[in-house]
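K.L.:
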Amino acid sequence: MPKVAVIGSGNVGATLAMRVLESGIADVVMLDIVEGVCRGKAMDLTDAAAVLKHGCAITPTVDYKEIAGSQVVVITAGFPRLPGMSREELVLKNSGIVKEAVRNIKAYAADSIIIVVTNPLDVMAHIAYHESGFARGRVLGMAGVLDTARFVALIAEELAVLPKDIEAYVIGSHGDTMIPVVSQTKVKGKPLTEVLSGDKIAAIVQRTKNRGAEIVGLLKSGSAYYAPSASAFHMVKAVINDTREVMCVSCPLEGEYGLRDICVGVPARIGRNGLEKVIEIPLAAAEEAGFKESAQAIRTTIGKI
Ligand code: A3D
């Protein structure tokens, strides 16, 4: 049975663990510094396995040695931004956690593919890539799958069609500067611009960018985790099952889209080796300019640390 390690047993980590187990594709090791909560959630998931009979096992731990032999390690450990905390403070706090995780992945699961979920996503993916020294295909950030799903969900709702009938990409940074690529979005094979007015499209683009904040506003405490865990699971499955599907991920660019030495969201083929290929899609002039701006915003944050 393949093995997936999930670092952090919070909302995203534990829900991801549940999705992996219930899909039957791998056993899970779930690690957290808060031992009791991690053990409690693992116990609950073990009891659920006795109902669902999927045959996959979960091991809770505080010891990184247990991640040995994992094909994929997903880093979800981290803090959200608390009231009064600056973005830079959050970056410093979470980069310490991500670096610690990556040092341990190098020590105990040196052949794994790393998927980063911790925010701010593209900066954390960049830090994980540099700290690991891994080949570029082996460090990925999860954001584009989620942002694309949000864009698709809103279009599907507006047009009363199924998400499977929509082809879309959201690229750039996971944040205010993300770019839903309207010029390449199709609904049942037709360009989005032919089936929705410019105003409606603009409203959907804006709502896609605000979706995370909209959910936080409703939840009052904590942030979204069903779609984030589903998105991370989609990437895990692509690696474990070598699906070679194209999805938007944050990965280090080596000249694609005219950029180097930066992790930013782009469409890519994901398989057994992690990143198999970055896919360069045509962009309208404004989208290309927005993408460069988005990459620059990531560089600026990296520069500050
Ligand atoms: P939460 O439910 O607070 O879980 C975080 C977990 O990390 C907690 O269980 C902590 O105990 C644990 N943790 C903290 N420090 C360490 C450490 N050093 N080693 C191991 N575990 C540790 O948060 P969450 O699950 O909702 O979100 C986790 C992270 O993912 C946050 O940084 C979120 O901002 C981020 N996130 C990103 C996306 C993207 O789309 C990129 C979506 C949702 C959440």
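When you read off a place in the sequence shown, starting at 1, and then add 6, the result is the number in our numbering. Glycine included, every Cβ here is placed at the ideal spot set by N, Cα and C.
1. Please say whether Glu-94 and Thr-307 have beta carbons closer to each other than 9 Å?
2. In terms of residues, what are the limits of the alpha helix (DSSP H) holding Glu-72?
3. Give the C-beta separation of Val-193 and Val-201 to the nearest angstrom, bearing in mind that I take them to be a contact with Cβ-Cβ under 8 Å.
4. So what does Met-253 bridge to, in DSSP terms?
5. Compute every distance between the C-beta of Phe-85 and the non-hydrogen atoms of the ligand A3D, then say whether any falls below 8 Å.
6. Straight-line CA distance for Ser-203 to Ser-92?
7. At the level of alpha carbons, what is the spacing between Val-18 and Gly-143?
8. How close, in whole Å, do the beta carbons of Ser-237 and Val-151 come, if the pair is a contact with beta carbons under 8 Å?
9. Is the region 16–32 touching the region 43–55 in the sense that three or more CB pairs, one from each, lie closer than 8 Å?
10. Answer with buried or exposed for Asp-205, where buried requires no fewer than 16 other C-beta atoms within 10 angstroms of its C-beta.
11. CB Ala-274 to CB Val-252, shorter than 9 Å?
12. Under 8 Å Cβ to Cβ from Leu-165, same chain only, skipping five residues before and after it: list those, please.
13. By how many angstroms is the C-alpha of Val-68 removed from the C-alpha of Ile-39?
14. Where are the beta strand (DSSP E) runs, 3 residues long or more, that stay fully inside the region 74–153, in chain order?
15. Within the chosen definition, does the region 254–274 reach the region 96–115 through at least 3 CB pairs nearer than 8 Å?
P.N.:
Short version:
1. The count along the sequence shown starts at 1 and reaches residue 307 at position 301. The count along the sequence shown starts at 1 and reaches residue 94 at position 88. Yes; because the gap between Cβ atoms is below 9 Å, this pair is in contact.
2. Counting from one through the sequence shown, the residue named residue 72 turns up at place 66. First-last for Glu-72: undefined, no H or E at that position.
3. Position 187 of the sequence shown holds residue 193. Position 195 of the sequence shown holds residue 201. That belief holds up - the Cβ atoms of Val-193 and Val-201 are roughly 5 Å apart, short of 8 Å.
4. The residue given as residue 253 occupies position 247 in the sequence shown. In the DSSP output, where bridge partners are listed per residue, Met-253 has Ala-274.
5. For the purposes of this step, residue 85 is identified with residue 79 of the sequence shown, where counting begins at 1. Yes, since a heavy atom of the ligand A3D falls inside the 8 Å radius drawn around the Cβ of Phe-85.
6. For this step, residue 203 is matched to residue 197 along the sequence shown. For this step, residue 92 is matched to residue 86 along the sequence shown. Straight-line measurement puts the Cα of Ser-92 at about 38 Å from the Cα of Ser-203.
7. Here residue 18 refers to the residue found at position 12 of the sequence shown. Here residue 143 refers to the residue found at position 137 of the sequence shown. Approximately 23 Å, taken between the alpha carbons.
8. Walking along the sequence shown from the start, residue 237 turns up at place 231. Walking along the sequence shown from the start, residue 151 turns up at place 145. Between Val-151 and Ser-237 the Cβ distance is about 4 Å, and since that is below 8 Å, they are a contact.
9. yes
10. As a first step, residue 205 must be located in the sequence shown, where it is residue number 199. Burial call: exposed.
11. Within the sequence shown, numbered from 1, the residue matching residue 274 stands at position 268. Within the sequence shown, numbered from 1, the residue matching residue 252 stands at position 246. Yes, the Cβ-Cβ distance between Ala-274 and Val-252 is below 9 Å.
12. Along the sequence shown, read from residue 1 onward, the residue named residue 165 stands at position 159. Hits under 8 Å: Val-193, Val-201 and Leu-202.
13. Taking the sequence shown and counting its residues from 1, the one referred to as residue 39 is at position 33. Taking the sequence shown and counting its residues from 1, the one referred to as residue 68 is at position 62. The straight-line gap from Cα to Cα measures roughly 6 Å.
14. 78–81, 119–122 and 145–147
15. no
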